Structure formats: structure tokens, C-alpha cells
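Undergrad: Starting off with a structure, shown below.
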Amino acid sequence: MTLRVAVIGSGPAGSSAAETLAASGIETYLFERKLDNAKPCGGAIPLCMVSEFDLPPEIIDRRVRKMKMISPSNREVDINLVNEEEYIGMCRREVLDGFLRDRAAKLGANLINATVHKLDIPGNNTDPYTIHYVDHTDGISQGIAKTLKVDLIIGADGANSRVAKEMDAGDYNYAIAFQERIRLPEDKMAYYNDLAEMYVGDDVSTDFYAWVFPKYDHVAVGTGTMHVNKASIKQLQAGIRARASEKLAGGKIIKVEAHPIPEHPRPRRVVGRIALVGDAAGYVTKSSGEGIYFAAKSGRMCAETIVEASNSGSRIPTEGDLKVYLKRWDKRYGLTYKVLDILQTVFYRSNATREAFVEMCDDLDVQRLTFDSYLYKTVVPANPITQLKITAKTIGSLIRGNALAP
Numbered sequence: 001m002t003l004r005v006a007v008i009g010s011g012p013a014g015s016s017a018a019e020t021l022a023a024s025g026i027e028t029y030l031f032e033r034k035l036d037n038a039k040p041c042g043g044a045i046p047l048c049m050v051s052e053f054d055l056p057p058e059i060i061d062r063r064v065r066k067m068k069m070i071s072p073s074n075r076e077v078d079i080n081l082v083n084e085e086e087y088i089g090m091c092r093r094e095v096l097d098g099f100l101r102d103r104a105a106k107l108g109a110n111l112i113n114a115t116v117h118k119l120d121i122p123g124n125n126t127d128p129y130t131i132h133y134v135d136h137t138d139g140i141s142q143g144i145a146k147t148l149k150v151d152l153i154i155g156a157d158g159a160n161s162r163v164a165k166e167m168d169a170g171d172y173n174y175a176i177a178f179q180e181r182i183r184l185p186e187d188k189m190a191y192y193n194d195l196a197e198m199y200v201g202d203d204v205s206t207d208f209y210a211w212v213f214p215k216y217d218h219v220a221v222g223t224g225t226m227h228v229n230k231a232s233i234k235q236l237q238a239g240i241r242a243r244a245s246e247k248l249a250g251g252k253i254i255k256v257e258a259h260p261i262p263e264h265p266r267p268r269r270v271v272g273r274i275a276l277v278g279d280a281a282g283y284v285t286k287s288s289g290e291g292i293y294f295a296a297k298s299g300r301m302c303a304e305t306i307v308e309a310s311n312s313g314s315r316i317p318t319e320g321d322l323k324v325y326l327k328r329w330d331k332r333y334g335l336t337y338k339v340l341d342i343l344q345t346v347f348y349r350s351n352a353t354r355e356a357f358v359e360m361c362d363d364l365d366v367q368r369l370t371f372d373s374y375l376y377k378t379v380v381p382a383n384p385i386t387q388l389k390i391t392a393k394t395i396g397s398l399i400r401g402n403a404l405a406p
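What follows is the structure, encoded as C-alpha cells:
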């Protein structure tokens, strides 16, 4: 017997899972509704992802080594990476996703251009799942209805996951991100050659931050807010456009995008022989809103658990086997999510605390701690003396923030 696994969704989570499964000889089916999909996304990836996922340099548009944090009162703090080998990669999702998907297919994953709309869930631990889908391979708009039987399913189909609904994974709170891609005049684009900007203030985001991130030949300008405030998203986007207006002068909007961002993991990420990864599972961090690396990593970790539990495809893993992936994930990254959740709660609740946050970013100890945690995806503990210094500076910044806030 050869284990049959379907991966629904071919973003970084799904493609990374399919690649690992196919490379291990497991019969793998990778479903993608839209092969030319360009997910709305800031597109920043940490340095560790480049090496861990063997990403070629040509898919990275920009190597950002400078960050500019801009407070509600327009105080600017420049943050520079000191190590010349370190950088934040800026990617277009259509390029990154296409590369990962094609690599999975080359390793043996069966790529199916289709929309999955229903699952038949078996009543026991051994019978197969039946996937009902519409195949778009022939180019006909309405597609052809088909079915496929598999032993396991990995749901990697994003925040509005059909798989999550079918397995009754439960809901989560989510945010809305809105982004414009703007092509700038050559002299304006030169300013963003290796620089990314983050703006905070209730005029640009009531819950997070707004951004200007450089891409290949344009910048991504966007913001986000919790879904309860979604009616104000265009007003907030106008706010970031206004704050960055001088730098964006003469720019032409070439694309407008919006998408949901999960705010915490779903109540159930494994049910039976179905597991969720990436945005479908809710693996986006608070405070930074980052999800690309965690999506790819969760897909790989889930697939590695399946390979291990199935003896490379010779047996069908159980729900208990799949939950090993959750235990490993939570043990490895649970603290990271908690720390960033606390940071968002403390620093994004008012303009005064946002002023304090930007002031703190001017501290070299804070910068090093932040960049180490981001670039290498670990919560790096500071030595006790440094920790005391940071704590004292945090308190002082929070006090001064009240006076500086507009």
C-alpha cells in the first residue's frame, strides 16, 4: 500500500508540505484553484527562510537592510542591520508561491488545477476521504466535476479555508489587510532600494501598523485592522497614503488587494486524518502580522510528521499521530506567539503607547533582540543586565509617550 495524501492549497504552506511528502515517495496530490494567484501580502521573509527552504536569489526582489519606524507624531527612528550578510527578503507572492509549487511538482507531487468544494468524511479510521472538486485544467470556465479518494488531507487553503469548515475546525478572530501596489518614478523608487517603512498611529491603523515595502519595480503600501473595524479600512489606507505622500508623489497604482489575516490558531487544527497548516490553521503572528515563514514551516513540519508516522507511506497515520505535529509546533513556536501577542496588547492600544514603541526601537539592545528574533525565528533571551535595561527603558518610554502623542 502507498499512502495517498491530498494537500489543498499551494501557497508556501501547501507547497512545502507537498514537497516533503513527494520527496519521501508518498503519493501526493496538490490542489490549487488559481495557478497565477498573487496573494495580497507585504511579502517580507526572514533570512533563515532563504537557507532553510533553499530559495534562489532571483525570487527575492529586494534585500532590505534598513527600516524606518515612524510614530504618530512623525518621529522617525532608523534601524540598520550591522552585519552585511543579514537582510530581510522582499518577495512578490506570485513569484515565491510559483517557485515552491513548481518545485513540489518536479519532485513528484501531482498538481491539480481545481476548486475543492466538498469532502466526504469516513465513519472509521481506515476508509478513505472523498474529495469533490471542479477541475479547471482544460481551461473551461465551469470546469469538470471530479472526485478523488485519499487517506489523509492537509488543509493549506488560507484564512477562508474550505477544509477547516468541512472538518469543523472552529472560527477565529481575524483582521483585514488592504494594500496598493504603486509604481514610483525612478528617483522615488531609488529611495526604497533597500529600505522598508512602518508607520504607527490611529490614523493609519487602529490595531497594527501600516507599511511601505519595496518590490521589484514598485512599492507595496498597505494597512490592516481588526474585522470589526473593517468599514474604516479605506480611510486608514488614505491615512498611510497621506503620511507617505511626499515619498509616493508621482506614483501610479497598478493593483489593489485585500485579504483576511487570522489572529490566533483555530480551536481544532487536527480532526481525524485532516490537519491544518499556515493561515488555515491560524499561524500568523500578532504585532508583526507575519505569516509566510510560519506557513512554510508548518507545512513542512506536518508533512515530516506524516512521513515519520506512516513509515514513509507504508501505513495510515491516526489522529493521534497527526497531533504529534501540533505538539512539536506549539513547543517550538508557542513562546514566540505569546511574546508578540503581549507586545501588540501593550504597544498598539493608543497613540501614546505607539510613541513609546517607536522610542524603544531607537535602542540598540532592543534592535538587536528584535532582529535576532525575526531573522532567525527564535525568541532570544537577553542577559539579565540587558533585560533590566530594556525593562527600565520600556517604562520610561511609556511615560514619555503620553506627552508626545498627538
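Here the sequence shown stands for residues 1 to 406, where the numbers follow the numbering used here.
Backbone N, C-alpha and C fix where the C-beta goes; we use that ideal spot for every residue, glycine too.
Bear in mind that the values here come from a model prediction, so they are computed numbers and not experimental data.
Spatial neighbours of GLU166 within its chain, please: C-beta separation below 6 Å, excluding the five flanking residues on both sides.
TA: Position 166 of the sequence shown, counting from 1, holds the residue named residue 166. So the qualifying residues of the chain are LEU119.
Undergrad: Taking only the alpha-carbon atoms, compute the straight-line gap between THR394 and LEU55 and give it to the nearest angstrom.
TA: Against the sequence shown, residue 394 aligns to sequence position 394. Against the sequence shown, residue 55 aligns to sequence position 55. Bear in mind that a pLDDT of 49 at THR394, under 50, signals an unreliable position, so the number given afterwards is only what the model happens to contain. Those two C-alpha atoms are separated by around 37 Å.
Undergrad: If you drop the 5 nearest sequence neighbours on each side, which residues of the same chain put their C-beta closer than 6 Å to that of GLY272?
TA: Sequence index remark: in the sequence shown, residue 272 carries index 272 (1-based). Cβ neighbours of GLY272 beyond the five flanking positions: GLU319.
Undergrad: My guess is that ILE8 and GLY155 are in contact by the Cβ rule of under 8 Å, so how many angstroms apart are they, rounded?
TA: As a working mapping, residue 8 is identified with position 8 in the sequence shown. As a working mapping, residue 155 is identified with position 155 in the sequence shown. Indeed they touch by this definition, with Cβ atoms about 5 Å apart.
Undergrad: Quick one: residues in its chain with C-beta nearer than 6 Å to the C-beta of HIS264, no 5 flanking neighbours on either side, listed in chain order?
TA: Position 264 of the sequence shown holds residue 264. Counting only Cβ-Cβ distances below 6 Å, and skipping sequence neighbours, we find TYR172, GLY282.
Undergrad: State the DSSP-derived secondary structure class of HIS227, mapped to helix, strand or coil.
TA: What you label residue 227 is simply residue 227 of the sequence shown in a count that begins at 1. Helix, per DSSP.
Undergrad: Using 8 Å as the threshold, is the region 69-86 in touch with the region 348-357, meaning 3 or more CB pairs across them?
TA: The region 69-86, when compared against the region 348-357, does touch it at the 8 Å Cβ threshold.
Undergrad: Identify every residue that forms a DSSP beta bridge with HIS259.
TA: The count along the sequence shown starts at 1 and reaches residue 259 at position 259. DSSP, once it has assigned bridges, lists ALA177 as partnering HIS259.
Undergrad: Distance check for TYR29 and ASP138, CA to CA, integer angstroms please.
TA: Numbered from its first residue, the sequence shown carries residue 138 at position 138. Numbered from its first residue, the sequence shown carries residue 29 at position 29. About 18 Å.
Undergrad: Would you check if the distance between the CB atom of GLU197 and the CB atom of ALA244 is smaller than 8 Å?
TA: Indexing the sequence shown from 1 puts residue 197 at position 197. Indexing the sequence shown from 1 puts residue 244 at position 244. It is a contact, given that the beta carbons lie within the stated cut-off.
Undergrad: Compute the Euclidean distance between the alpha carbons of ARG460 and ALA13, then round it to the nearest angstrom.
TA: In the structure displayed, the chain extends from 1 to 406; residue 460 sits before or after that span and is not available.
Undergrad: With a cut-off of 8 Å, do at least 3 Cβ pairs link the region 74-87 to the region 213-232?
TA: No, the region 74-87 is not in contact with the region 213-232.
Undergrad: Can you check which of these residues, SER205, LEU236, MET360, is closest to TYR348 by C-alpha distance?
TA: Stepping through the sequence shown from its first residue, residue 348 is reached at position 348. When only C-alpha atoms are compared, the closest one is SER205.
Undergrad: By Cβ distance below 7 Å, which residues in the same chain neighbour CYS91 in space, the five residues on each side in sequence not counted?
TA: On the sequence shown, position 91 is the one that residue 91 refers to. GLY43, ILE45, ILE59, ILE60, ASP61, listed in sequence order.
Undergrad: What does the alpha-carbon distance come out to for the pair LEU326 and ASP363?
TA: Here residue 326 refers to the residue found at position 326 when the sequence shown is read from its first residue. Here residue 363 refers to the residue found at position 363 when the sequence shown is read from its first residue. Looking at the two C-alpha atoms, the distance is approximately 36 Å.
Undergrad: To the nearest angstrom, how far is it from the Cα of ASN383 to the Cα of PHE371?
TA: Here residue 383 corresponds to residue number 383 of the sequence shown, with the count starting at 1. Here residue 371 corresponds to residue number 371 of the sequence shown, with the count starting at 1. Below a pLDDT of 50, predicted positions are generally treated as unreliable, and ASN383, at 46, falls in that range; the measurement from the model is reported next regardless. Those two C-alpha atoms are separated by around 16 Å.
Undergrad: Counting only runs that start and end within the region 78-134, where is the beta strand (DSSP E) found for 3 or more residues in a row?
TA: For the region 78-134, whole beta strand (DSSP E) runs of length 3 or above, ordered along the chain, are 88-90, 110-120.
Undergrad: What does a CB cutoff of less than 7 Å around GLU304 pick up in its chain, not counting 5 residues either side in sequence?
TA: Here residue 304 refers to the residue found at position 304 when the sequence shown is read from its first residue. Same-chain partners within the cutoff: THR20.
Undergrad: Thinking just about the alpha-carbon of each residue, which of ASP365, VAL307, LYS323 is nearest to the one in ARG4?
TA: Walking along the sequence shown from the start, residue 4 turns up at place 4. Minimum Cα distance to ARG4 is reached at VAL307.
Undergrad: Only counting the same chain, and skipping five residues up and downstream in sequence, which positions put a Cβ closer than 6 Å to that of GLY251?
TA: Translated into the one-based positions of the sequence shown, residue 251 becomes position 251. Excluding sequence neighbours, GLY251 sits near ILE182, LEU184.
Undergrad: Return helix, strand or coil for PHE294, following the three-state DSSP convention.
TA: Taking the sequence shown and counting its residues from 1, one reaches residue 294 at position 294. Of the three classes helix, strand and coil, the one that applies to PHE294 here is helix, per DSSP.
Undergrad: I think ASN37 touches GLU94, with their Cβ atoms under 8 Å apart; what is that distance to the nearest whole Å?
TA: Looking up residue 37 in the sequence shown gives position 37. Looking up residue 94 in the sequence shown gives position 94. 7 Å between Cβ atoms; contact.
Undergrad: Are the beta-carbon atoms of TYR192 and VAL163 separated by less than 8 Å?
TA: Residue 192 sits at position 192 when you count from the first residue of the sequence shown. Residue 163 sits at position 163 when you count from the first residue of the sequence shown. Their beta carbons are not under 8 Å apart, which means TYR192 does not touch VAL163 by this criterion.
Undergrad: State yes or no: is the C-beta of THR147 within less than 8 Å of the C-beta of THR126?
TA: The residue given as residue 147 occupies position 147 in the sequence shown. The residue given as residue 126 occupies position 126 in the sequence shown. Going by C-beta atoms, THR147 is not nearer than 8 Å to THR126.
Undergrad: Determine the DSSP secondary structure at MET67, reduced to helix, strand or coil.
TA: Taking the first residue of the sequence shown as position 1, residue 67 is located at position 67. MET67 falls in the strand class under three-state DSSP.
Undergrad: Of the residues SER16, GLY25, VAL270, which one's Cα is nearest the Cα of SER312?
TA: Here residue 312 refers to the residue found at position 312 of the sequence shown. Among SER16, GLY25, VAL270, the Cα nearest to that of SER312 is on GLY25.
Undergrad: Identify, in the order they occur along the chain, each residue of the same chain with its Cβ nearer than 7 Å to the Cβ of TRP329, setting aside the five sequence neighbours on each side.
TA: Looking up residue 329 in the sequence shown gives position 329. Only SER298, MET301 meet the Cβ criterion.
Undergrad: Where DSSP assigns a beta bridge to ILE182, which residues make up the other side?
TA: Here residue 182 is taken as the residue at index 182 of the sequence shown, counted from 1. According to DSSP, ILE182 bridges with VAL219, ILE253.
Undergrad: Can you give me the C-alpha to C-alpha distance between GLN179 and ASP78, rounded to a whole angstrom?
TA: Along the sequence shown, one-based indexing puts residue 179 at 179. Along the sequence shown, one-based indexing puts residue 78 at 78. Looking at the two C-alpha atoms, the distance is approximately 23 Å.
Undergrad: Is the CB-CB distance between HIS259 and ALA169 below 8 Å?
TA: Start at 1 with the first residue of the sequence shown, and residue 259 comes out as number 259. Start at 1 with the first residue of the sequence shown, and residue 169 comes out as number 169. No, they are not a contact pair.
Undergrad: Would you list the one or two residues that DSSP bridges to LYS149?
TA: For this step, residue 149 is matched to residue 149 along the sequence shown. Note: LYS149 sits in a beta bridge opposite THR130.
Undergrad: Among ASN110, PHE99, VAL64, MET189, which has the Cα closest to the Cα of PHE53?
TA: By 1-based counting over the sequence shown, the position of residue 53 is 53. It is PHE99 whose Cα lies nearest to the Cα of PHE53.
Undergrad: Taking the beta carbon of LEU335 as the centre, do at least 16 other beta carbons fall within 10 Å, making it buried, or is it exposed?
TA: Counting from 1 along the sequence shown, the entry for residue 335 is found at position 335. Counting Cβ neighbours within 10 Å, LEU335 comes out exposed, since fewer than 16 surround it.
Undergrad: How would you write the range of the beta strand (DSSP E) that ILE274 sits in, first residue to last?
TA: Along the sequence shown, read from residue 1 onward, the residue named residue 274 stands at position 274. Run containing ILE274: 274-276, per the beta strand (DSSP E) assignment.
Undergrad: Go ahead and pull the three-state DSSP assignment for PHE357.
TA: Stepping through the sequence shown from its first residue, residue 357 is reached at position 357. Three-state DSSP puts PHE357 in a helix.
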